[in-house]
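Okay, so here's the structure we're looking at.
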Amino acid sequence: MMRSLRWLCVLSLALLAACAQQPPKDDSLYHALGERAGIQKIVEGMLLHIAKDERIVEHFRKVDIVRLRDKLVEQFCVEAGGPCRYTGDSMAESHKGQNLTRSDFNALVEDLIDAMDELKIPVATQNRLLARLAPMRGEVIEK
Amino acid sequence: MTRSLSAVFSPVVLASVVGGCMSGMACVAEADQGRLIATGGASSIEGAAGGGIIPWAVLAGYDEQGEWGANLFATHINLPDYTLDVAGMAMSYGNRVELSYAHQRFDLGSLVHKLSLPEDNLSQDIFGVKVRLFGDLIYDQLPQVSAGLEYKHQNDFLIPSLVGAKRDADVEGYLTASRLFMGAAFGYNVVVNGGVRYSRANETGLLGFGGDRRDTRSVLKEGSVALLFNPRWAVGVEYREKPDNLSFAGESDWADAFIGWFPNKHVSVVLAYARLGEIAMLDNQNGTYLSVQGSF
Numbered sequence: 001m002m003r004s005l006r007w008l009c010v011l012s013l014a015l016l017a018a019c020a021q022q023p024p025k026d027d028s029l030y031h032a033l034g035e036r037a038g039i040q041k042i043v044e045g046m047l048l049h050i051a052k053d054e055r056i057v058e059h060f061r062k063v064d065i066v067r068l069r070d071k072l073v074e075q076f077c078v079e080a081g082g083p084c085r086y087t088g089d090s091m092a093e094s095h096k097g098q099n100l101t102r103s104d105f106n107a108l109v110e111d112l113i114d115a116m117d118e119l120k121i122p123v124a125t126q127n128r129l130l131a132r133l134a135p136m137r138g139e140v141i142e143k
Numbered sequence: 001m002t003r004s005l006s007a008v009f010s011p012v013v014l015a016s017v018v019g020g021c022m023s024g025m026a027c028v029a030e031a032d033q034g035r036l037i038a039t040g041g042a043s044s045i046e047g048a049a050g051g052g053i054i055p056w057a058v059l060a061g062y063d064e065q066g067e068w069g070a071n072l073f074a075t076h077i078n079l080p081d082y083t084l085d086v087a088g089m090a091m092s093y094g095n096r097v098e099l100s101y102a103h104q105r106f107d108l109g110s111l112v113h114k115l116s117l118p119e120d121n122l123s124q125d126i127f128g129v130k131v132r133l134f135g136d137l138i139y140d141q142l143p144q145v146s147a148g149l150e151y152k153h154q155n156d157f158l159i160p161s162l163v164g165a166k167r168d169a170d171v172e173g174y175l176t177a178s179r180l181f182m183g184a185a186f187g188y189n190v191v192v193n194g195g196v197r198y199s200r201a202n203e204t205g206l207l208g209f210g211g212d213r214r215d216t217r218s219v220l221k222e223g224s225v226a227l228l229f230n231p232r233w234a235v236g237v238e239y240r241e242k243p244d245n246l247s248f249a250g251e252s253d254w255a256d257a258f259i260g261w262f263p264n265k266h267v268s269v270v271l272a273y274a275r276l277g278e279i280a281m282l283d284n285q286n287g288t289y290l291s292v293q294g295s296f
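Protein sequence lines correspond, in order, to chains A and B. Quick note on numbering: our numbering labels position 105 of the first sequence as 105, and the sequence is numbered without any gaps. Quick note on numbering: our numbering labels position 188 of the second sequence as 188, and the sequence is numbered without any gaps.
Structure (structure tokens):
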């Protein structure tokens, strides 16, 4: 009895230590999207659709597109659970003064979905990424 | 007036409007269509945006803030002893308020000869208003919640009065909530709707309002669940509770299983199997439902 109790203590201590060291991180979405290279393809595809999207392209006229691409790749990577760090401005900061509408936000979502469709990303995987990005709408629109 | 209106919304006219949009020509009064595809829903048999037999909290068309949206639709339900044809339209502004109109014609089929009925069909007009109270179908914390009123006028009241209906026109209200849950079923999006209706309509009003058995409104539950395979294809089920106001025959709750196709923001098609149960003494009125909608 004493022996098994002692083992239990050792085991739980080991578990606690493991938890403290490494918080478990779900990076399955990052892998499903094709890791960093796959995410870059998605972002570039979305930007190409935006370039042809007369509903919202005006908002991107004065934007450094290469920098935007890099920041979006970082952001999608972080949201997908990948080993990245987002170095851009906050969502609220980067959209300040643009007065983006709900329709603008939806137009960008449509361009993102079109890009993912072209890359043959399964709908269930698309939905996981969209579910991570949808809550940002409040920090993007009407700023 | 009613006849001329229903002629305007005949399936042929609807098809030409839809066809005009499909062939890439500019549609009449093209709106901005700032909402995502399929979020304007299909057209319910009473004209309001929704599923097939119940309204959802979504509003007709694809308008967001500052935009207009509208649709035209035609629906045909083929039952063993009856057919129901519906044509109508809805428009909404700012994803906030929706106005709708529907004309229903219910053909009595074999019952006309069996009972030597004085008329071979029943018809009604339905004028609806729906307001989104708060929330959003996809974004924000709260589900989209809408309230609606429907004014219904039964046009051929002789038969309904003979079976005990009390009045040929009435107003009913409903409160409904809709929410899309992202990736909720095996990674696919799921839309859930639930609502309550306060009504005394017999067979949605085709057999008048109120009856010899009960003449007050009842609180009736309705709801649906839809699974989205992608933004353009949906399958689901619906349920609608109905009152039992007339003593001459039982009135069944309705249900259906549907598949909806939204190829683009201008056209949608819904095919369903509808279980309408007992209608005016004839049981097992279960059959096919087909609805075509054009949005602009």
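Even glycine gets a Cβ: it sits at the ideal position worked out from N, Cα and C. All figures in this text were calculated on a predicted structure; none of them were measured in a lab.
{"Query": "Selected residue, minimal CA-CA separation from S123 of chain B, among B:F258, B:E98, B:N155", "Result": "B:N155"}
{"Query": "Sequence-distant residues of the same chain with beta carbon closer than 8 Å to G287 of chain B, five excluded per side", "Result": "I77, N78, L79, P80, Y273, A274, L276"}
{"Query": "Meets three-Cβ-pair contact criterion under 8 Å: the region 182–190 of chain B and the region 227–236 of chain B", "Result": "yes"}
{"Query": "Buried or exposed (CB count within 10 angstroms, at least 16 for buried), P122 of chain A", "Result": "exposed"}
{"Query": "Cβ neighbour criterion (16 or more within 10 Å) applied to L158 of chain B", "Result": "exposed"}
{"Query": "Counted within 10 angstroms of its Cβ, other Cβ atoms place S252 of chain B as buried (16 or more) or exposed", "Result": "buried"}
{"Query": "Local Cβ density within 10 Å of A26 of chain B, reported as buried at 16 or more and exposed below that", "Result": "Low per-residue confidence applies at A26 of chain B: pLDDT is 40, beneath 50, and the placement is therefore not dependable, though the value from the model is reported in the following sentence. So A26 of chain B counts as exposed."}
{"Query": "Within 8 Å, strictly: CB atoms of S291 of chain B and K265 of chain B", "Result": "no"}
{"Query": "For L133 of chain B and V145 of chain B, the rounded distance between their alpha carbons", "Result": "6 Å"}
{"Query": "Backbone CA spacing between R132 of chain A and M91 of chain A [nearest angstrom]", "Result": "14 Å"}
{"Query": "Beta bridge counterpart(s) of T83 of chain B as assigned by DSSP", "Result": "B:N78, B:D107"}
{"Query": "Unbroken alpha helix (DSSP H) run spanning H49 of chain A, endpoints", "Result": "35–51"}
{"Query": "CB contact below 8 Å: E64 of chain B versus chain A", "Result": "yes"}
{"Query": "Beta carbon of Q285 of chain B nearer than 8 Å to that of S268 of chain B", "Result": "no"}
{"Query": "Runs of beta strand (DSSP E) wholly within the region 54–124 of chain A (minimum 3 residues, chain order)", "Result": "none"}
{"Query": "8 Å Cβ cutoff, P347 of chain B in contact with chain A", "Result": "With chain B covering 1 to 296 only, the question about residue 347 of chain B has no answer from this structure."}
{"Query": "Proximity below 8 Å, CB of T204 of chain B to CB of E98 of chain B", "Result": "no"}
{"Query": "Residue nearest to D64 of chain A in terms of C-alpha spacing, selected from A:I42, A:N127, A:G88, A:L130", "Result": "A:G88"}
{"Query": "Whole-number beta carbon distance between S224 of chain B and I54 of chain B, since they are thought to touch under 8 Å", "Result": "6 Å"}
{"Query": "Identified DSSP bridge partners for L271 of chain B", "Result": "B:I259, B:L290"}
{"Query": "Proximity below 8 Å, CB of S365 of chain B to CB of T75 of chain B", "Result": "Because chain B here runs from 1 to 296, residue 365 of chain B falls outside it and cannot be looked at."}
{"Query": "P135 of chain A in three-state terms, based on DSSP", "Result": "helix"}
{"Query": "Beta-carbon neighbours of V123 of chain A, restricted to chain B and to distances below 8 Å", "Result": "G187, Y188, F229, N230"}
{"Query": "Span separating the alpha-carbon of N127 of chain A from that of G183 of chain B", "Result": "6 Å"}
{"Query": "Minimum Cβ-Cβ distance from I113 of chain A to chain B less than 8 Å", "Result": "yes"}
{"Query": "Inter-residue spacing [alpha-carbon to alpha-carbon] between I279 of chain B and L142 of chain B", "Result": "38 Å"}
{"Query": "Neighbour flag for R35 of chain B against chain A, beta carbons, 8 Å", "Result": "yes"}
{"Query": "Beta-carbon neighbours of E54 of chain A, restricted to chain B and to distances below 9 Å", "Result": "Near E54 of chain A there are no residues of chain B at all, since even the closest Cβ is about 11 Å away, more than 9 Å."}
{"Query": "Neighbour list for I138 of chain B in chain A, Cβ cutoff strictly below 8 Å", "Result": "A134"}
{"Query": "For R128 of chain A, three-class secondary structure by DSSP", "Result": "helix"}
{"Query": "D103 of chain A at chain B interface by Cβ criterion, 8 Å", "Result": "Rather than Asp, the amino acid found at residue 103 of chain A in this sequence is Ser. So yes, S103 of chain A belongs to the interface."}
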